[in-house]
């Protein structure tokens, strides 16, 4: 951020009165430009058939992580709810109609200023098809998940939590809500 | 938003290529200025003593809703996690140290582009004190909650869910996760 979006004068970093952190402030018109984390929301679309559980993944047609696999997910928009966002992203990226269930995971990704939410979902039919941001859309059983080609750590964690809970549910347990903080950028050397 | 924060030229509303909604777009430098919902995060700080459960509320010293009571909560900041935000806001607004428990509620407020999250928490001591954004901080039992003077519907819903679950927990049940969409602005005539 270089200029004030209200008056076009240059902004500078300063700690406003009664605040305790630096913000982009316009000394011409006084506007304080707060910057806050964004929500990325998606679903885990599940198809059960012949006793086998498979999950719908999308191969990304856009950067970042072009060509890697992800659960359908994207930035929440203004004037929608978190469940609206999960359904919309699933339709936009995978052409898939779903019945949405409980919130399943919340993952903090503080270094990129994001919070990711995933809802469990049931795929309503097999009429899915890649949207403009996907190269392919495909169902994967647990054994088939391309773990080394998953686009984002939050998706890998959510899939691991899901298949762990699925095993629990098959033994009479139930799905639960999972949360995790992801601190390191993917591919970082630490 | 009137001007581009990157190049100071006027922005206009337009649907970018491969998008399906209007964004503020700069025709001079090509920057698309996305606007997304913000997370408001807080806690339900609980003090148990002599068999009585009380919750810590703050009387707001700032607009909106000056003079009304709220759970400690505020906008999540970049580079923190959702639990960091809950602890920070509880300390800033109520001077209170807490042990944080599970995520308790998620409330969508689409007309103001917000998602509110509240965590259950245990107050660690009685050394609380109003921060700069609070006039008073006070413990309330269920019977004492000032229901008609609660600042925000998301706080009222969260408190109702909390005391319902507390009754359930006293009968051998447990706390669960709650979600609700709040569509109407407070005081709207519909």
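Chains as they are written, first to last, in our numbering: chain G, 161 to 350; chain S, 161 to 350.
The C-beta atom is built at its ideal place from N, Cα and C for all residues, glycine as well.
task = Give a yes or no on whether the C-beta atoms belonging to residue 266 of chain S and residue 263 of chain G are separated by under 8 Å.
result = yes
query = Among G:318, G:295 and G:314, which one has its Cα closest to the Cα of residue 223 of chain G?
reply = G:295
request  = Could you spell out where the beta strand (DSSP E) holding residue 273 of chain S opens and where it closes?
outcome  = No beta strand (DSSP E) holds residue 273 of chain S; DSSP gives it neither H nor E.
query = With a Cβ-Cβ cutoff of 8 Å, do residue 269 of chain G and residue 315 of chain G count as a contact?
reply = no
Cβ neighbours of residue 306 of chain G in the same chain (closer than 6 Å, five flanking residues each side left out) = 229
task = Let me know if residue 201 of chain S comes out buried or exposed under the rule of 16 or more other beta-carbons within 10 Å of its beta-carbon.
result = buried
key: Residues bridged to residue 307 of chain S [DSSP beta-bridge criterion]   = According to DSSP, which records beta bridges pairwise, residue 307 of chain S is partnered with nothing at all.
query = What runs of the alpha helix (DSSP H), each 4 residues or longer, lie entirely inside the segment 228-292 of chain S?
reply = 242-254
inquiry  = With three or more beta-carbon pairs closer than 8 Å as the criterion, would you say the segment 244-254 of chain S touches the segment 327-339 of chain S?
reply    = no
query = Can you find a C-beta in chain G that's less than 8 Å from the C-beta of residue 161 of chain S?
reply = yes
query = Starting from residue 341 of chain S and walking both ways along the beta strand (DSSP E), at which residues does that stretch end?
reply = 338-341
query = Any idea if residue 226 of chain S is buried or exposed, counting beta-carbon neighbours within 10 angstroms, 16 or more meaning buried?
reply = exposed
query = With 16 as the cutoff for other CB atoms within 10 Å, does residue 192 of chain S come out buried or exposed?
reply = exposed
message = Using only the alpha-carbon positions, how far apart do residue 172 of chain G and residue 238 of chain G sit?
response = 27 Å
task = Apply the 10 Å Cβ neighbour rule to residue 318 of chain S and answer buried if 16 or more other Cβ atoms are within range, or exposed otherwise.
result = buried
query = Just by C-beta distance, which residues in the segment 179-202 of chain S are closer than 9 Å to chain G?
reply = 180, 181, 184, 193, 194, 195, 196, 197, 198 and 199
message = To the nearest angstrom, how far is the alpha carbon of residue 355 of chain G from that of residue 208 of chain G?
response = This structure cannot settle anything about residue 355 of chain G, because the visible part of chain G is limited to 161 through 350.
inquiry  = Which residue marks the beginning of the alpha helix (DSSP H) containing residue 324 of chain G, and which one marks its end?
reply    = 313-330
key: Per-residue burial, residue 177 of chain G [other beta carbons within 10 Å of its own, 16 or more giving buried]   = exposed
query = Can a CB atom of chain G be found closer than 8 Å to the CB of residue 261 of chain S?
reply = no
ask   = Under 9 Å Cβ-Cβ, which residues of chain G neighbour residue 166 of chain S?
value = 161, 162 and 163
query = Whose Cβ in chain G lies nearer than 8 Å to the Cβ of residue 266 of chain S?
reply = 242 and 263
ask   = Taking the continuous beta strand (DSSP E) assigned at residue 190 of chain G, which residues delimit it?
value = Unbroken run through residue 190 of chain G: none, as it is neither H nor E.
ask   = Is there at least one Cβ from chain G nearer than 8 Å to residue 230 of chain S's Cβ?
value = no
query = In chain S, which residues lie less than 7 Å from residue 273 of chain G when you measure between Cβ atoms?
reply = 238 and 239
Closer than 8 Å to chain S by CB, residue 337 of chain G = yes
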